[in-house]
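Chemist:
Protein chains: 2
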Amino acid sequence: MGFSFFPFVNVLLDLCDIYPAALQLSKLRVCFGTFKIVYTLRGTSPALLYRYNRLDAEVLINKRFTSIDNAELCSKVGVPFVMGTTGGDREKLHKTVADSKVYAVISPQMGKQVVAFLAAMEIMAEQFPGSFSGYSLQVMESHQASKLDTSGTVKAVISCFQKLGVSFDLDEVQLIRDPVQQVEMVGVPEEYLLGHAFHMYHLTSPDRTVSLEFQHNVCGRSIYAEGTVDAILFLAKKVKLKAEKRIYNMIDVLREGNMR
Amino acid sequence: MGFSFFPFVNVLLDLCDIYPAALQLSKLRVCFGTFKIVYTLRGTSPALLYRYNRLDAEVLINKRFTSIDNAELCSKVGVPFVMGTTGGDREKLHKTVADSKVYAVISPQMGKQVVAFLAAMEIMAEQFPGSFSGYSLQVMESHQASKLDTSGTVKAVISCFQKLGVSFDLDEVQLIRDPVQQVEMVGVPEEYLLGHAFHMYHLTSPDRTVSLEFQHNVCGRSIYAEGTVDAILFLAKKVKLKAEKRIYNMIDVLREGNMR
């Protein structure tokens with residue numbers, strides 16, 4: 041896999057706690073040989089971005105700028121980018137990028153397999169509304185203690201269950217942030233107490249004879265790094281082919297099939 | 041919910057161990073008031089079926105005849121029917137019914153929520169092929185000891201995982217048929233040892249940092265009875281509307297939304 045595969049692709053990851061993912065990307069560099077990882081803690085100037093543009097490929101970790109600022113910078117200098125972000129004004133973000141005609145993959149979740157699971161739930165909710173009517177739901181999620189709010193993926197999955205006919209309020213989610221509970225009750229390996237995302241959804245029929253359970257449990261950040269690499273490969277291909285569509289998400293990356 | 045809702049709908053259930061489901065349907069009669077349940081252990085003559093046709097609605101439990109024979113009978117006398125069957129020559133079955141232009145719902149699985157889960161897996165496999173490439177799979181299923189073969193639903197779900205890039209052979213499925221293991225390891229309630237269907241699928245990423253788990257666990261038969269009632273309501277509606285499409289499955293029933 042050579043140089044020509046990665047021209048002009050920036051990666052802007054401003055997900056919470058992304059630094060370990062950056063380290064994972066460093067590891068992946070061993071496999072792919074063409075990433076340059078740049079941490080810009082105090083923001084990035086257009087001039088700097090322009091310089092990156094001359095490099096083979098860039099993984100730009102920019103935590104201080106907002107996603108809108110980053111997108112505006114890339115749009116201004118015409119640098120394609122991959123952005124993993126849950127924050128910001130999504131509509132404004134998309135408009136900024138669309139107006140500039142820059143190529144981009146933007147997604148709130150970079151873990152391909154989690155995106156696939158969520159997409160399946162969304163399709164089920166859309167196609168079979170009310171099919172779990174009367175079922176009760178129990179949701180538990182465990183993340184490193186530093187994450188205060190409920191995971192965005194949990195919120196999205198719950199919204200699917202609501203469409204399927206389940207009555208459930210977001211404040212009923214059981215948030216596990218206590219390391220002792222995480223190890224003993226949830227089964228998080230101790231070495232991942234500072235970086236994990238465990239999710240459990242349990243549905244029960246009104247007469248309690250039927251139950252369904254879904255879990256997606258992530259330790260560390262390698263799933264996000266792997267997904268980011270696939271997004272880079274995907275976007276590089278679209279740039280090379282001068283594809284008409286310019287803004288993509290991880291579902292588009294998934295539809296492309298196995299990238300490596 | 042009155043008489044006019046159920047005219048001319050027969051239910052032919054020849055699923056394995058269907059009698060408890062029939063009893064569940066008896067219970068549902070209390071709610072709906074219009075079912076007549078007829079057990080025909082030695083087969084049904086066309087004349088008998090014709091007589092049923094004059095009743096409000098019929099639930100016909102016919103275990104001795106094959107699904108093809110039942111379908112031919114119904115087709116001959118023009119009696120719409122709901123058939124839950126995993127057996128027989130599916131192609132011949134569909135051709136027989138299509139040629140007769142009789143209305144029918146035919147499905148290998150009458151449990152709506154299990155059908156919804158399977159459909160979501162199928163959509164995920166079709167849309168995101170290879171997205172779980174390299175993942176390893178572990179499958180466990182527990183049924184009453186009298187069920188010798190692997191569940192059809194398990195086979196269908198595994199075929200989805202194979203499309204998602206997972207390498208797995210059917211003989212790797214862990215079949216639990218020992219009642220002691222079922223209670224102690226799987227967690228089947230003792231009162232359901234003679235009738236249950238528990239399924240667990242566990243996916244693990246190559247570096248073991250990511251895992252996904254899916255479970256669908258059914259005790260007893262009420263889920264099948266509930267699904268059958270919905271199929272009856274659905275089919276009665278189609279008959280009444282003189283719908284152009286005549287042969288349906290449980291996915292069509294699901295798409296119709298909440299039936300009650």
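Residue numbers (the numbering used here), protein chains in the order written: chain S, 41 to 300; chain W, 41 to 300. Backbone N, C-alpha and C define an ideal beta-carbon position, used for all residues, glycine too. Please read all numbers here as calculations on a predicted model, not as lab measurements.
When the Cα of Val-250/S is compared with those of Arg-248/W, Gln-255/W, Thr-249/W, which residue comes out closest?
Modeler: Gln-255/W
Chemist: Can you list the residues of chain S that Glu-253/W reaches, using a CB-CB cut of under 9 Å?
Modeler: Met-240, Glu-253, Phe-254, Gln-255, His-256, Asn-257
Chemist: Return the residue from the list Val-269/S, Gly-235/S, Leu-233/S, Pro-169/S that minimises the CA-CA distance to Val-293/W.
Modeler: The option with the nearest alpha carbon to Val-293/W is Pro-169/S.
Chemist: So Ala-138/W is in the alpha helix (DSSP H); what residue range does that whole segment cover?
Modeler: 130 to 140
Chemist: Between Phe-238/S and the rest of its own chain, which residues show a CB-CB distance below 7 Å, the 5 nearest in sequence each way excluded?
Modeler: Excluding sequence neighbours, Phe-238/S sits near Glu-181, Ser-182, Val-226, Val-228, Asn-257.
Chemist: Where DSSP assigns a beta bridge to Thr-244/W, which residues make up the other side?
Modeler: The beta-bridge partner set that DSSP reports for Thr-244/W consists of Ser-176/W, Ser-251/W.
Chemist: Taking Cβ positions, are Ile-152/W and Ser-171/S nearer each other than 8 Å?
Modeler: The sequence shown places Lys at residue 152/W, rather than the Ile named in the question. Contact flag set, yes.
Chemist: Assign Lys-278/W to buried or exposed, taking buried as 16 or more other Cβ atoms, counted over all protein chains shown, within 10 Å of its Cβ.
Modeler: buried
Chemist: Provide the residue(s) that pair with Cys-259/S in DSSP beta bridges, ordered along the chain.
Modeler: His-236/S
Chemist: Determine whether the Cβ of Met-123/W lies closer than 8 Å to any Cβ atom of chain S.
Modeler: no
Chemist: Would Met-123/W and Met-290/W be called neighbours here (beta carbons separated by less than 8 Å)?
Modeler: Cβ atoms of Met-123/W and Met-290/W: not closer than 8 Å.
Chemist: In terms of residue numbering, what span does the alpha helix (DSSP H) encompassing Ser-147/W cover?
Modeler: Counting along the chain, Ser-147/W falls outside any alpha helix (DSSP H), though it belongs to the beta strand (DSSP E) covering 144 to 147.
Chemist: What does the alpha-carbon distance come out to for the pair Glu-112/W and Thr-193/W?
Modeler: 26 Å
Chemist: Between Gly-192/S and chain W, is the shortest Cβ-Cβ distance under 8 Å, so that the two count as touching?
Modeler: no
Chemist: Can you tell me which of the three DSSP states Leu-215/S falls into?
Modeler: In this structure, Leu-215/S counts as strand in the three-state DSSP scheme.
Chemist: Consider the Cβ of Ala-159/W: report whether some Cβ of chain S lies at a distance smaller than 8 Å.
Modeler: At least one chain S Cβ lies under 8 Å of Ala-159/W.
Chemist: Which value, in whole angstroms, describes the spacing of the CA atoms of Cys-259/S and Tyr-232/S?
Modeler: Cys-259/S and Tyr-232/S: Cα-Cα distance of roughly 6 Å.
Chemist: Just to confirm, are Ile-108/S and Asp-129/S a CB contact at a threshold of 8 Å?
Modeler: yes
Chemist: Any heavy atom of the ligand ADP closer than 7 Å to the beta-carbon of Ile-163/S?
Modeler: Judged by which ligands are present, the structure shown has none, so any question about the ligand ADP falls away.
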